[in-house]
Amino acid sequence: MGRMYGPGKGMSSSVLPYQRAAPGWVKASAQEVEEAIVHAAKKGQLPSQIGALLRDCHGVPLARAVTGAKILRLLRARGLAPEIPEDLYFLIKKAVAIRKHLDRNRKDVDAKFRLVLAESRVHRLARHYRRAKKLPAVWKYDSIAASTLVA
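Take the position in the sequence shown, starting the count at 1, then add 908; the result is the number in this note's numbering.
Take a look at the structure:
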């Protein structure tokens, strides 16, 4: 079954390992992994980028298994977490790109429709994060000020 808002087909049978402990072949200690996470966050990398960096460069398959805490929770504890959640950030970035395209190509009707879809997803996700207290209760998506959020 395909995705409702994207061309992807999903990740069938992609599940986390049952065993919650780190595999025996992981040589990095929890302290080293935490230092790598903090170092990457100070460079400006997002949590998913940090996870990919740990996987590709440091040989850590799952940071939670080694450190006992998720990447975002470690960043929050140190005050390095991004101010808006990552998935909301990328949706806003997509909406800003479509709006920029529409400024140059006013007759692109399909882009107008895609902008409506993208912005409705932003509103829905923002509502979820406001209810979950991940965003302030007064936070509101504004299409004019959105380009400053993602710049």
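Think of the CB as a built atom: it goes at the ideal place given N, C-alpha and C, for glycine as much as any other residue.
In this text, all values refer to a predicted model and were calculated from it rather than measured experimentally.
(1) Is DSSP giving I945 helix, strand or coil here?
(2) Identify whether A936 lies in helix, strand or coil by the three-state DSSP scheme.
(3) Taking the C-alpha atoms as reference points, what is the distance between R1029 and L999?
(4) Compute the beta-carbon to beta-carbon distance between L961 and A971, rounded to the nearest angstrom, for a pair I have assumed lies under 8 Å.
(5) Report yes if the C-beta distance between A973 and R928 is below 8 Å; otherwise report no.
(6) Report, in whole angstroms, the separation of the C-beta atoms of E991 and L954, which I expect to be a contact under 8 Å.
(7) Count the other CB atoms within 10 Å of the CB of I958; is the residue buried (16 or more) or exposed (fewer)?
(8) Using only alpha-carbon positions, find the residue among A1003, S920, A936, G914 that is nearest to D1050.
Checking against the coordinates, here is how it stands:
(1) Note: I945 maps to helix in three-state DSSP.
(2) Of the three classes helix, strand and coil, the one that applies to A936 here is coil, per DSSP.
(3) Their backbone Cα atoms lie some 8 Å apart in a straight line.
(4) Not really, about 10 Å apart at Cβ, beyond 8 Å.
(5) The Cβ-Cβ distance between A973 and R928 falls below 8 Å.
(6) Not a contact, Cβ separation roughly 12 Å.
(7) Buried, because 16 or more other Cβ atoms sit within 10 Å of the Cβ of I958.
(8) Taking D1050 as reference, the option from A1003, S920, A936, G914 with the minimal CA-CA separation is A1003.
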